[in-house]
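Visitor:
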Amino acid sequence: MSGRAMEGTCLAALVRMTIPIAQAAERKCPRGRGRPPEYHDWQMMVLVLVAVLRKRKSKSAQFRFLLTHRRELADLLQMKGFPVRSTYFQRYRRLWPLVEVAIREQGRLMIRQGMVDARTVAVDKSVIKAKGPHWHHRDRRRNTVPKGLGGVDRDSTWTFSQHHGWVQGYSYEVVVSAGARSPVVPLLASADSANVSEHVSFLSKIAHLPKETRNVAADRGYDNGAFDEALGFDRRGRRTGRRLYCGENKRGGGAGPSRGSMTSRQRRRRRRIERSSTPRGRHLLARRSQTVEPFNDWFKTLFDLEHRVWHRGLGNNRTQLLTALFAYQLLVRYNHRRRRRNGRIKWILDTL
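Those letters in the sequence shown? Residues -14 to 337, per our numbering, in order.
1. Note down, in chain order, each residue of its chain lying with its Cβ closer than 6 Å to the Cβ of F212, except the 5 sequence neighbours on either side.
2. Which same chain residues, not among the five before or five after A309, have their C-beta less than 6 Å away from its C-beta?
3. Thinking C-alpha only, which one of G17, H122, D26, W283 is nearest W143?
4. Closer than 7 Å by C-beta to I330: which residues in its own chain qualify, once you throw out the five before and the five after it? Chain order, please.
5. Go to F48, then tell me how far its alpha helix (DSSP H) extends in each direction, as first and last residue.
6. In terms of alpha-carbon separation, which member of A163, W81, G19 lies closest to W27?
7. Quick one: what's got a C-beta closer than 6 Å to A203's C-beta in the same chain, skipping five residues either side?
8. Where in the region 179 to 221 do unbroken runs of the alpha helix (DSSP H), each at least 4 residues long, occur, reported from the N-terminal end onward?
9. Count the other C-beta atoms from every protein chain shown that fall within 10 angstroms of the C-beta of G237, then say buried if there are 16 or more, exposed otherwise.
10. Quick one: what does DSSP say K331 is sitting in, helix, strand or coil?
11. Residues in its own chain within less than 6 Å of Y349 by CB, not counting five upstream and five downstream?
12. Taking only the alpha-carbon atoms, compute the straight-line gap between D282 and E291 and give it to the nearest angstrom.
13. Would F311 pass as a contact of Q91 if the rule is Cβ separation under 8 Å?
14. Comparing C-alpha positions only, which one of T129, I113, S167, S249 sits nearest to A176?
15. Output yes or no for whether 8 Å exceeds the beta carbon distance between V86 and K13.
16. Which of the three DSSP states, helix, strand or coil, is assigned to Y313?
17. Excluding the 5 residues preceding and the 5 following M100 in the sequence, name in chain order all residues of the same chain whose CB lies nearer than 6 Å to its CB.
18. I'd like to check one pair, V169 with T276: are the Cβ atoms closer than 8 Å?
19. Have a look at L306 and A192 and give me their C-alpha separation to the nearest angstrom.
20. If you draw a straight line from the alpha carbon of Q147 to that of K116, how long is it in whole angstroms?
21. Would T225 and R104 qualify as a contact pair, given that the criterion is a beta-carbon distance under 8 Å?
22. Which ranges does the beta strand (DSSP E) cover as unbroken runs of at least 3 residues, wholly within the region 130 to 166, from first to last along the chain?
23. According to DSSP, is L173 helix, strand or coil?
24. Name the DSSP bridge partner or partners of V112?
25. Applying the 10 Å Cβ sphere with the 16-neighbour rule, what's the burial state of E23?
26. Using the three-state DSSP reduction, which class does A103 fall into: helix, strand or coil?
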């Protein structure tokens, strides 16, 4: 693509579709006191999105591409100038909270437009290997890098995955639509170091689930009584009509307490485990296996994440992973607008 060739292209259309979402997200992420930046966060987010859509994997490569198209981008984003390299690098690693909100906003837009069915959703955490060599536990505890071991990503952490074994890297957690006739689309997402537990990351998402959601399907890693309580009741203690479907994660605790000695949280957990083994529960858990798990594989393949992350550093990878998830939503919207089948998403991405 030449320096003047962006106007009127698919990429320009994607930028225009993103601008109102990014602006709405920024209004929900007010800045603190201090001098306002020369370029709005929403403008910086769109620049990062363009670079991610073009699969420029290093920040240097991203900036070079953006600089080549600075005139068209500045015009589309109503920018009087263009960020310098140091500004782009510094703002990049701090953009992830805005992108997280933008994913939520775009998900709600897709629900309102009838593109996705959010009555049943599925949640899952996926890990991706870090760039650079392994930094082993023994050296981490000492906070030392062995001599001759260069390029270590100190922000990456270790975790154990049933699918991949021990992995040093990062993770993202995604809530996707899982209706029988709905495209599988991210509705909520977060990114963090690999060792962050689902018991921490999912709890904060429950308050942001779509109001239409009634069923949440998850694997045994989400077996937590606090989730049953947070999903089943609002802040005033009123029932929400939402239910978690998740099997039991046996932790080697023996038979557990008798029904007479259970707390209310334990009783809700026991009812949920029993509910998940009913025909309806098994059906909803099968929907999870048919939606969020294939989505993770497809998403990683689309954005070249099946082997390792693009960057070093937690902030950088949070921004990139969340921007890629936002980009996936955006491609589904664009595909729907053009009345094409979902299978053309890869074709759209490859031809940008």
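Here a beta-carbon is modelled for each residue, glycine too, at the ideal position from N, C-alpha and C.
Guide: The structure says:
1. Cβ within range, chain order: L229.
2. V37, F288
3. H122
4. L316, V317, N320
5. 44 to 53
6. W81
7. V108, C231
8. 183 to 186, 210 to 217
9. Bear in mind that a pLDDT of 43 at G237, under 50, signals an unreliable position, so the number given afterwards is only what the model happens to contain. Exposed is the call here.
10. In the three-state reduction of the DSSP assignment, K331 falls in the helix class.
11. The chain is shown from -14 up to 337; residue 349 falls before or after that span and cannot be answered.
12. If I take the Cα positions, the gap works out to 8 Å.
13. Yes, they are a contact pair.
14. I113
15. yes
16. Helix.
17. So the qualifying residues of the chain are H321.
18. Closer than 8 Å, so yes.
19. Approximately 22 Å, taken between the alpha carbons.
20. 21 Å
21. No. Outside cutoff.
22. 142 to 146, 150 to 162
23. Note: L173 maps to strand in three-state DSSP.
24. S156
25. exposed
26. Annotated three-state conformation of A103 is coil, per DSSP.
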